[in-house]
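Heads up: the sequence shown begins at 39 in our numbering, then just goes up one per residue. This report refers to the structure that appears directly beneath it.
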Amino acid sequence: RFCADTSLAINYKDPKTLKYFITERGKIIPRRISGTCAKHQRSLTHAIKRARTIALLPYMGTIDHI
Numbered sequence: 039r040f041c042a043d044t045s046l047a048i049n050y051k052d053p054k055t056l057k058y059f060i061t062e063r064g065k066i067i068p069r070r071i072s073g074t075c076a077k078h079q080r081s082l083t084h085a086i087k088r089a090r091t092i093a094l095l096p097y098m099g100t101i102d103h104i
């Protein structure tokens, strides 16, 4: 997805983009389901974990407020 569309960027400060790669319970969607390559899945995981640390994304529970 990110390899095909170079205008998309992975940024931990953008929770609206990151919410498409986590489930409604807050788990990170695996790359075989999300369709990302291994390189971008690693950077997505890193960005999601960083966004959780600074409270932009929840660790668990619903993500309705984003």
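Beta carbons are placed, not taken as given, at the ideal position from N, Cα and C, and that holds for glycine. Note that the structure is predicted; figures quoted are calculated from it, not measured.
Anyone know if the C-beta pair for residue i and residue j falls short of 7 Å?
i	j	result
Thr83	Ile66	yes
Thr74	Arg39	yes
Ala89	Pro53	yes
Gln79	Arg70	no
In terms of alpha-carbon separation, which member of the options lies closest to residue i?
i	options	result
Cys41	Pro68, Lys51, Ser81	Ser81
Tyr97	Asp43, Ser72, Lys57, Ala47	Lys57
Lys87	Ala76, Lys77, Gly64, Gly99	Gly64
Tell me which residue opens and which closes the alpha helix (DSSP H) that residue i is part of.
i	result
Leu56	53–56
Which runs of the beta strand (DSSP E) spanning at least 3 residues fall entirely within the segment 70–100, listed in chain order?
none
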